[in-house]
Structures are given as structure tokens and as C-alpha cells.
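**Q** Here the protein sequences come in this chain order: A and B.
Straight run, no breaks: the first sequence in this note's numbering ends on number 376.
Straight run, no breaks: the second sequence in this note's numbering ends on number 718.
Starting off with a structure, shown below.
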Amino acid sequence: MNGFVDRLLGRVRLGGWLAVAAPVIAVAFAVLITSVVLLIAGSDPVEAFTTLADYGTQPRSMAMILNTGVMYYISALAVAVGFRMNLFNIGVDGQYRLAAVVAAGLGGAAVVPGVLNIVLVVVVAVIVGALWAAIAGLLRVYRGVSEVISTIMLNAIATGLGSWLVSEHFGVLTGNDLGTRPIPDDAHMPGIPLIAGTPVLVNGFIVVAVVLGVAYWVVLNRTRFGFELRATGKSESAAVASGVSVKKMIVVTMVMSGAVAGLIGMPELLGASYKYSNNFPAGLGFTGIAIALLGRNNPVGMAVGALLWSFLDNSSNQLQLLDISKEIVQIMQGVVVLSVIIAYELVHRYRIVAEQRRVSRELAAPQEAPKAGAAA
Amino acid sequence: MRAFRAVMAGAVAAAVTVAAGCGGGAETTTPRSRPLQVGLVYDIGGRGDRSYNDAAAAGVDEAKRNLTGLRVREVEAAQGEPAGRKVERVRALAEAGYDPIIAVGYSYAPALASIAPRFPRTRFAIVDEPTVSGPNITNLLFASEQGSFLMGAAAAMRSRTGDVGFVGGNRSPLVRKFEVGYVQGVKHVKPRARIRIAYLADPHDLSGFDRPDKACKTARRMYRAGADVVYQVAGASGAGVFRAADQADAWAIGVDYDQAKSADPAVRHVILTSMIKRIDVAVYDYLAGVADHTVTSGRIVYDLKRGGVDYSLTGGHIADLHPRLERLKQEIIHGRLKVSPG
Numbered sequence: 001m002n003g004f005v006d007r008l009l010g011r012v013r014l015g016g017w018l019a020v021a022a023p024v025i026a027v028a029f030a031v032l033i034t035s036v037v038l039l040i041a042g043s044d045p046v047e048a049f050t051t052l053a054d055y056g057t058q059p060r061s062m063a064m065i066l067n068t069g070v071m072y073y074i075s076a077l078a079v080a081v082g083f084r085m086n087l088f089n090i091g092v093d094g095q096y097r098l099a100a101v102v103a104a105g106l107g108g109a110a111v112v113p114g115v116l117n118i119v120l121v122v123v124v125a126v127i128v129g130a131l132w133a134a135i136a137g138l139l140r141v142y143r144g145v146s147e148v149i150s151t152i153m154l155n156a157i158a159t160g161l162g163s164w165l166v167s168e169h170f171g172v173l174t175g176n177d178l179g180t181r182p183i184p185d186d187a188h189m190p191g192i193p194l195i196a197g198t199p200v201l202v203n204g205f206i207v208v209a210v211v212l213g214v215a216y217w218v219v220l221n222r223t224r225f226g227f228e229l230r231a232t233g234k235s236e237s238a239a240v241a242s243g244v245s246v247k248k249m250i251v252v253t254m255v256m257s258g259a260v261a262g263l264i265g266m267p268e269l270l271g272a273s274y275k276y277s278n279n280f281p282a283g284l285g286f287t288g289i290a291i292a293l294l295g296r297n298n299p300v301g302m303a304v305g306a307l308l309w310s311f312l313d314n315s316s317n318q319l320q321l322l323d324i325s326k327e328i329v330q331i332m333q334g335v336v337v338l339s340v341i342i343a344y345e346l347v348h349r350y351r352i353v354a355e356q357r358r359v360s361r362e363l364a365a366p367q368e369a370p371k372a373g374a375a376a
Numbered sequence: 377m378r379a380f381r382a383v384m385a386g387a388v389a390a391a392v393t394v395a396a397g398c399g400g401g402a403e404t405t406t407p408r409s410r411p412l413q414v415g416l417v418y419d420i421g422g423r424g425d426r427s428y429n430d431a432a433a434a435g436v437d438e439a440k441r442n443l444t445g446l447r448v449r450e451v452e453a454a455q456g457e458p459a460g461r462k463v464e465r466v467r468a469l470a471e472a473g474y475d476p477i478i479a480v481g482y483s484y485a486p487a488l489a490s491i492a493p494r495f496p497r498t499r500f501a502i503v504d505e506p507t508v509s510g511p512n513i514t515n516l517l518f519a520s521e522q523g524s525f526l527m528g529a530a531a532a533m534r535s536r537t538g539d540v541g542f543v544g545g546n547r548s549p550l551v552r553k554f555e556v557g558y559v560q561g562v563k564h565v566k567p568r569a570r571i572r573i574a575y576l577a578d579p580h581d582l583s584g585f586d587r588p589d590k591a592c593k594t595a596r597r598m599y600r601a602g603a604d605v606v607y608q609v610a611g612a613s614g615a616g617v618f619r620a621a622d623q624a625d626a627w628a629i630g631v632d633y634d635q636a637k638s639a640d641p642a643v644r645h646v647i648l649t650s651m652i653k654r655i656d657v658a659v660y661d662y663l664a665g666v667a668d669h670t671v672t673s674g675r676i677v678y679d680l681k682r683g684g685v686d687y688s689l690t691g692g693h694i695a696d697l698h699p700r701l702e703r704l705k706q707e708i709i710h711g712r713l714k715v716s717p718g
């Protein structure tokens, strides 16, 4: 028997046309609700959606959407690794920020030249993210502390630790902005001219994101580790019975989740800002949670979710030029997540009911057959 | 409101004379007949934050009433957005033909640095940020150290114990400038006074501006230890300092606004005075300058002389100190007394 959480986290599969029906229903529902909100706020929904469509189809905006989407996608992957094992790593946010601070500090010091510096920055970020997440994993295993609580608290500690590192160790003041020393030009991640018709380059980390997405799918579905991870997520007792060390799995999964989280800030650090300062994006870890739910932990689903989320976020400037408040974007995002959850739940229930009907029909059929034989 | 206009009239006159005086700044105006289409980009919080952004909004609103044919488009920032989003925001406005474009807050510095050169005929202004520059960029700056110097002087004059405090929202350069001015003011009046300094958060942590509980504890500790005047530069956390002052039956000093008028009525009686930072005046001046083609690029510092920083007399608690403070103010204005920005 599958519970609601199993269905919510995409651990139950939908086959055939049902898999398509759910997202279509969700989007239609989200458009409907948003239109009502826009009407109540006194704006014209048609105008708003035309602006959105217009914005989303320009080459320049497409490049921007991809660039933000890369960060969102990596964040969603980091969250999803934990989700698949019933581990709620709320600490992705702190993990990536702390990783970015330390990596930015080292990268700015330019201990090694050029490409080596890029490698160093990325490796350091992965290690810091992994270690920070490991704290929550170890607390869970040895002290039974719920990872939800510990990671939330570790987020707050990461904020403090990060700003202490910047102000006391790595900080350079430019105007009123206190940040780490900028990473030298030779260690910038090159962009890719992926979209024709715009000078805006797509962040080179899009390649890393795609590789991570594929790796996520392969590791989870084609390796023994992935099987054990999914098994532990579905039933801990069954996993123990089949010889899986749950304690080891918890720590390893948290470390993996944190390692991926360490990469979230890299597209911005090595491809856009080149330093960690007040302007560094915050809260990406929480965006990742929403996108993982939206994409149901499926690598393709999360990619679609990340792009949708990024599209909505990026279009907020354009909507405001139309006198539509920026909060409408958050409403849309919230409604999309809720509609996806509701739509999938409805489709699942429909499937269950349909299944039950089919089974009862099949059970009913042979009963009638002997009756017919008796009459004959 | 009348006082507001009077300050503004003086400020406009000062702006014009200074504009004539600094020949280095490039003239960026182009004669035009169509109405001004002002683009205003806010920092986090936007219109309605009862603080920084609202002060800029007040200047724009005043300009809308006084300057004919002014049309304003306001665009807000989202919490934790990447810097690229700010660049796109400024770019979208410039592309849509808005001119001038006013950026509220230093976090727009990278956006202006990258967009302003691409739209040479559009005029840009940025509040509180000195580093970004260009032939079409005006930096609207505040000598908050001068205003804070007077607060330090007032605190030292009013203090019986010779022990005063300072509570900052976070240890950022912007807030440090207030501390530096305050300390100089205290030392100027009472060289041997004891000054207790506390910050509620580290530079990257904006939560210090929204933690009245923490501010209250911090200030209470200062009052218990013997301080009897505490200056707060902590945004919404300031309310906690006022509460602590009320409980300790001591004085507190407000910031940015005349807080004896804007704070919770129950604690207004503890507010000795407030250091007022007129972002509204700066924004209004800038728009007026654009409207009559006198605007210049480069830094414009809103100091005591220009009425960009000042102090309030509401409540009458410093009525007796007023003449001495005015003398200090005049000395600073005439350059006889130098206040270092730190």
C-alpha cells in the first residue's frame, strides 16, 4: 500500500497517458487561479500572460532563464537525493552558502593559476557542502536528532559563520559592499553561446548540471547503492532485513546531498559575480525544495520545474513594468506547486479506483461463467 | 510639510550653486519636451518598508506633486535574488525609455556599472554608493557621520553618568560611518566619556535590522552597566532600544526619521532626538535638477550644509542643548570642525 508521502515524492510511478495528464491538469489549474488573482488585483490576465509569453520567447530572456535555471536545478538535485531516502535536507541553503564563501575566499586568493583555480574552487565547495551536511547526518545517526531540525539550525549557523569569515578573513570593501576578493579573470568559467540571436552567454555550468542530472538517474536506478537508497526510503525495516546498513546510508546520503549542494553557488561564483558579497543569491536551497516537489524527484521533471521557476522569477521585472505587483510571481509559483501535488494525487486516486474497478470486474467475470454453464 | 518644502528649496539652491562650482562633472542633460519618465528601482522591502525605500518614495511623491508631467515607474527587488536580476531590472527600464533611472541602495552598483555605459543618453542616480561612476551617473551620498557627530554631542551633553551607548543593526560599512561620527561627537564634548558599542549582526546578516528583542537585551545591558543615552542605528530593531530605554527610565536616540513622531507612542517620550537622513530631499533634488536641466554627474554629498542630514527637536528634550548643538552644526558647516567619515 502506498502512502500519500510516497506518491508526493514520486516514489510511485504513473504509466502511460496518466503521467502526462497530471502536469497538464496542474498547469491549467495554475493558470486559472492566477487569472482569478490578477482579476481581483485589477489587472488584465490576458495582457499578463501575453507579456509572459512574449518575454519567455526572446533569445535574451531564454539565456537568462537558463542561467538562473542551472542553479535551481542543481539545488533541486541536492534536495532530491535526500528525498528519495526520506531524508529532508532543509539545510541545502546553508550548505551552499557556506561552501560558496569558503570557495570564493580561496579562489580570490588565487593560490593556483587558471583552470586549476576553477577546479580547486569547485572541489573545495563540494567538500565544504558535504562536511556541513555530514554534521546533520552524524547527529541523526548517533544522537537521533531529526535532520529537519538540525539542518534548519545549521542554516542559521552557516549564515553567522559565513559573514564572520567574510568580515574577518576574506573581506574586501568596494564602496559599501563587503565581499571576498574577486576571482582572477583566468579562472572564470567560460560561457557558451547556446542561444542564437543574443550576446548573452549561457553559463558553462549548464554542462555540469546536465551531467549531474544524468548521474543522479544512473546512480539511483542502475546501481546497488541507488537500490539500497530507494529501499531504505520506502521501508527502513525491510532494508535492514535485506542487509542494508541504514546508519551508513543516512550519513552517505546526507554527504552526497551536501556535496551536490556545494555546487549550487558555483555558476554564480565562477560565471557571474566572481566573488561572494551581499549580492550573492540567497535562499536557493529553499527554491530547490519546491522544485524537487514540483519535479517529483525525477531528473527531467525537476529540469522542467527549474526552468519554469526561473522563467517566473525572471519575468517579475517585466510584469512590474505593466504595473503588476511582483508578488504575483510568488503566488504563481505557490499555486503551481500546490496544483502539481493535487493533480498527481487526483490522478493517482483515479488510477487506484480504476484499478479496483478492473479487478472487481475481473473477479466478477469468472463468477458469472459457471452460472451460465449451470443454466446451460 | 512646510518645513519639508523649505528645506528642499534651500537644498535645491545649494545643489544649483554646487553644480556651477564643480566644473569636472559632465553635463548630461539633453533638452527635451516630452514629460519625464522616471524609473525607480527599489532594494529589498520596496515601497512601504517604513524606512529606506519609503524615504526615497517620499521624495518621488513630492516631485510628482510639484514637477509637472512627471511619470514614475517603480520596480521592486525580491529577497535573495542574484545580482544579475538587478542588472536586468535596470536594463528593462532603460530599454523601455525611462530617463532618469534612480537606484535605491548600494546593491545596484554592479547593475549601474554595466548598464549605464550602454545607455549613454539615459541618466542614472544611485543612493548611498560612491564607487560606481560615469558621465551619466549621479551618486547621492549622505554625510551620516556629521549628523551622528551631533547625536554624539547631544548624548554626551545630556548624559549624567558620562557613559553612553551605540547599537548598530549590523557591522557594515554604512552603519560604521554612524558609529565613527557618534564617537567623535561624544569625545568632542566629553573626552573622558565611556562609549559602549554593540552590533546586532555581522556585515552580511541583515537580520540585525529586524530583531527588536535582541536590540532590547543589548540596550538593557548597556543601561544596567551605567549608560544613560543609547543611539540606535538598527532599522526596525530600534524599537527594542526604545523599549529598553523606557524600562530603564533613560534616553535613546532615533535614526533616519524623526522617530519621536514615528515610533510606538508609548516609548516616544524616551527619544531624546533623532538623526534625520533626508533621502527624500536627495531624490527630490535630483529630479528637480533633471527637470530644469541642471543635473550633474558624479558625487553629491548631502551633508549638514545641504540639509541632507539633520536632527530633530520634537518633544523639546534638547531645547536647552539646542544653542550649543547649533553652534557645533555651524562649525561643521563652515569647515571649522572636521568630522572624519572613518
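Just so it is clear, CB atoms sit at the ideal spot from N, CA and C, and this is done for glycine as well.
In its own chain, which residues sit with a C-beta less than 7 Å from the C-beta of T406 of chain B, not counting the 5 before and 5 after it?
**A** Position 30 of the second sequence holds residue 406 of chain B. In this prediction, T406 of chain B scores a pLDDT of 47, lower than 50, which makes its location untrustworthy; the coordinate-derived value is nonetheless stated afterwards. Result list for T406 of chain B: R497, in chain order.
**Q** What first and last residue would you give for the beta strand (DSSP E) that runs through I502 of chain B?
**A** Against the second sequence, residue 502 of chain B aligns to sequence position 126. I502 of chain B -> beta strand (DSSP E) spans F500 to V503.
**Q** Cα separation between A104 of chain A and Y216 of chain A?
**A** Looking up residue 104 of chain A in the first sequence gives position 104. Looking up residue 216 of chain A in the first sequence gives position 216. Computed Cα separation, rounded: 26 Å.
**Q** How is D640 of chain B classed by DSSP in three states: helix, strand or coil?
**A** Position 264 of the second sequence, counting from 1, holds the residue named residue 640 of chain B. Note: D640 of chain B maps to coil in three-state DSSP.
**Q** For Y575 of chain B, name the three-state secondary structure that DSSP assigns.
**A** On the second sequence, residue 575 of chain B is found 199 positions in, with the first residue counted as 1. The answer is strand: DSSP assigns Y575 of chain B an E or B state.
**Q** Check whether the segment 567 to 583 of chain B touches the segment 641 to 650 of chain B, taking contact to mean three or more Cβ pairs, one atom from each stretch, closer than 8 Å.
**A** Output reads no: the segment 641 to 650 of chain B does not touch the segment 567 to 583 of chain B.
**Q** In terms of alpha-carbon separation, which member of B:E438, B:S548, B:A664 and B:P588 lies closest to S483 of chain B?
**A** What you label residue 483 of chain B is simply residue 107 of the second sequence in a count that begins at 1. The candidate whose alpha carbon is nearest that of S483 of chain B is B:S548.
**Q** Which residue comes first and which comes last in the beta strand (DSSP E) that contains A149 of chain A?
**A** Within the first sequence, the letter at position 149 stands for residue 149 of chain A. Residue identity check: residue 149 of chain A is Ile in the sequence provided, not Ala. No beta strand (DSSP E) holds I149 of chain A; the alpha helix (DSSP H) holding it covers E147 to L165.
**Q** Can a CB atom of chain A be found closer than 9 Å to the CB of Y482 of chain B?
**A** As a working note, residue 482 of chain B is residue 106 in the second sequence. Interface residue, yes.
**Q** Which residues, in order along the segment 450 to 471 of chain B, keep a beta-carbon less than 8 Å from a beta-carbon of chain A?
**A** Cβ contacts with chain A: E450, V451, E452, A454, Q455, G456, E457, P458, A459, G460, R461, K462, E464, R465, A468 and L469.
**Q** How about E236 of chain A: is its C-beta nearer than 9 Å to some C-beta of chain B?
**A** In the first sequence, the residue the question calls residue 236 of chain A occupies position 236. E236 of chain A does not count as touching chain B.
**Q** Looking at the structure shown, is R596 of chain B part of a helix, part of a strand, or coil, going by DSSP?
**A** For the purposes of this step, residue 596 of chain B is taken as the residue at position 220 of the second sequence. Correct three-state label for R596 of chain B: helix.
**Q** Measuring straight from C-alpha to C-alpha, what distance separates I250 of chain A and S75 of chain A?
**A** Within the first sequence, numbered from 1, the residue matching residue 250 of chain A stands at position 250. Within the first sequence, numbered from 1, the residue matching residue 75 of chain A stands at position 75. Spanning the two alpha carbons is a distance of roughly 19 Å.
**Q** For S650 of chain B, list the residues DSSP reports as bridge partners.
**A** Indexing the second sequence from 1 puts residue 650 of chain B at position 274. DSSP output for S650 of chain B lists B:G630 as bridge partner(s).
**Q** Quick one: Cα of G399 of chain B to Cα of S524 of chain B, how far?
**A** Numbered from its first residue, the second sequence carries residue 399 of chain B at position 23. Numbered from its first residue, the second sequence carries residue 524 of chain B at position 148. Here G399 of chain B scores only 35 on pLDDT, less than 50, and its place in the model should not be relied on; the value that follows carries that caveat. Straight-line Cα distance between these residues: approximately 30 Å.
**Q** If you follow the beta strand (DSSP E) that N515 of chain B is in, where does it begin and where does it stop?
**A** Counting from one through the second sequence, the residue named residue 515 of chain B turns up at place 139. Run containing N515 of chain B: I513 to F518, per the beta strand (DSSP E) assignment.
**Q** Counting pairs of beta carbons, one from the segment 150 to 164 of chain A and one from the segment 214 to 230 of chain A, are three or more of them closer than 8 Å?
**A** Result no; under three Cβ-Cβ pairs closer than 8 Å.
**Q** According to DSSP, simplified to helix, strand and coil, what is G684 of chain B?
**A** As a first step, residue 684 of chain B is located in the second sequence; it is residue number 308 there, counting from the start. The answer is coil: DSSP assigns G684 of chain B none of H, G, I, E or B.
**Q** Between A100 of chain A and the rest of its own chain, which residues show a CB-CB distance below 7 Å, the 5 nearest in sequence each way excluded?
**A** Sequence index remark: in the first sequence, residue 100 of chain A carries index 100 (1-based). Correct list, in chain order: A125, G265, L269, Y276 and F280.
**Q** Compare the beta carbon distance of Y418 of chain B and V480 of chain B with 9 Å and say whether it is the shorter of the two.
**A** The count along the second sequence starts at 1 and reaches residue 418 of chain B at position 42. The count along the second sequence starts at 1 and reaches residue 480 of chain B at position 104. Contact flag set, yes.
**Q** Please name the residue in B:A470, B:H693 and B:D679 whose C-alpha comes closest to that of Q706 of chain B.
**A** Locating residue 706 of chain B in the second sequence gives position 330, where the first residue counts as 1. The option with the nearest alpha carbon to Q706 of chain B is B:D679.
**Q** Check the Cβ-Cβ distances between E505 of chain B and every residue of chain A, and say whether any is below 9 Å.
**A** Here residue 505 of chain B corresponds to residue number 129 of the second sequence, with the count starting at 1. It does: the Cβ of E505 of chain B has a partner Cβ on chain A nearer than 9 Å.
**Q** Along the chain, which unbroken stretches of the beta strand (DSSP E) at least 3 residues long are found entirely within the segment 210 to 276 of chain A?
**A** Complete beta strand (DSSP E) runs here, min 3: none at all.
**Q** Have a look at the DSSP bridge pairing and note the partners of V451 of chain B.
**A** Locating residue 451 of chain B in the second sequence gives position 75, where the first residue counts as 1. Per DSSP, B:V417.
**Q** Return no unless some Cβ of chain B is closer than 9 Å to the Cβ of N278 of chain A.
**A** For this step, residue 278 of chain A is matched to residue 278 along the first sequence. True, the Cβ-Cβ gap to chain B drops below 9 Å.
**Q** To the nearest angstrom, how far is it from the Cα of A472 of chain B to the Cα of L321 of chain A?
**A** Taking the first residue of the second sequence as 1, we reach residue 472 of chain B at position 96. Taking the first residue of the first sequence as 1, we reach residue 321 of chain A at position 321. So the alpha carbons of these two residues sit roughly 9 Å apart.
**Q** Quick check on T50 of chain A: does DSSP put it in helix, strand or coil?
**A** Translated into positions along the first sequence, residue 50 of chain A becomes position 50. Here T50 of chain A sits in helix by DSSP.
**Q** Taking the alpha-carbon positions, what's the R465 of chain B to L488 of chain B distance?
**A** Your numbering for residue 465 of chain B matches position 89 in the second sequence. Your numbering for residue 488 of chain B matches position 112 in the second sequence. Answer to the nearest angstrom: the Cα atoms are 10 Å apart.
**Q** Roughly how many angstroms separate the alpha carbons of K637 of chain B and Q608 of chain B, rounded to a whole number?
**A** For the purposes of this step, residue 637 of chain B is taken as residue 261 along the second sequence, with counting starting at 1. For the purposes of this step, residue 608 of chain B is taken as residue 232 along the second sequence, with counting starting at 1. One C-alpha to the other measures close to 16 Å.
**Q** Could you say which of A:Y274, A:A364, A:L363 and A:V347 lies nearest to H188 of chain A if we only look at CA atoms?
**A** By 1-based counting over the first sequence, the position of residue 188 of chain A is 188. The residue with the shortest Cα to Cα distance from H188 of chain A is A:Y274.
**Q** In whole angstroms, what is the alpha-carbon distance linking L307 of chain A and V300 of chain A?
**A** Residue 307 of chain A sits at position 307 when you count from the first residue of the first sequence. Residue 300 of chain A sits at position 300 when you count from the first residue of the first sequence. Cα to Cα, L307 of chain A sits roughly 11 Å from V300 of chain A.
**Q** Would you call the CB atoms of G584 of chain B and N546 of chain B closer than 9 Å?
**A** As a first step, residue 584 of chain B must be located in the second sequence, where it is residue number 208. As a first step, residue 546 of chain B must be located in the second sequence, where it is residue number 170. Cβ atoms of G584 of chain B and N546 of chain B: closer than 9 Å.
**Q** Out of B:V414, B:N442, B:F495 and B:F500, state which residue places its alpha-carbon closest to the alpha-carbon of Y474 of chain B.
**A** Residue numbering aside, residue 474 of chain B sits at position 98 when the second sequence is read from its first letter. Looking at the Cα atoms, B:V414 is the closest of the given residues.
**Q** Within 9 Å (strictly less), CB to CB, does V202 of chain A reach chain B?
**A** Position 202 of the first sequence, counted from the first residue, corresponds to residue 202 of chain A. Chain B contact via Cβ: absent.
**Q** If you run the structure through DSSP and keep just helix, strand and coil, what is R494 of chain B?
**A** The residue you call residue 494 of chain B lines up with position 118 of the second sequence. In this structure, R494 of chain B counts as helix in the three-state DSSP scheme.
**Q** How would you list, in chain order, the residues of chain B whose beta-carbon sits under 7 Å from the beta-carbon of D177 of chain A?
**A** Sequence index remark: in the first sequence, residue 177 of chain A carries index 177 (1-based). Within chain B, the residues near D177 of chain A are Y482 and A485.
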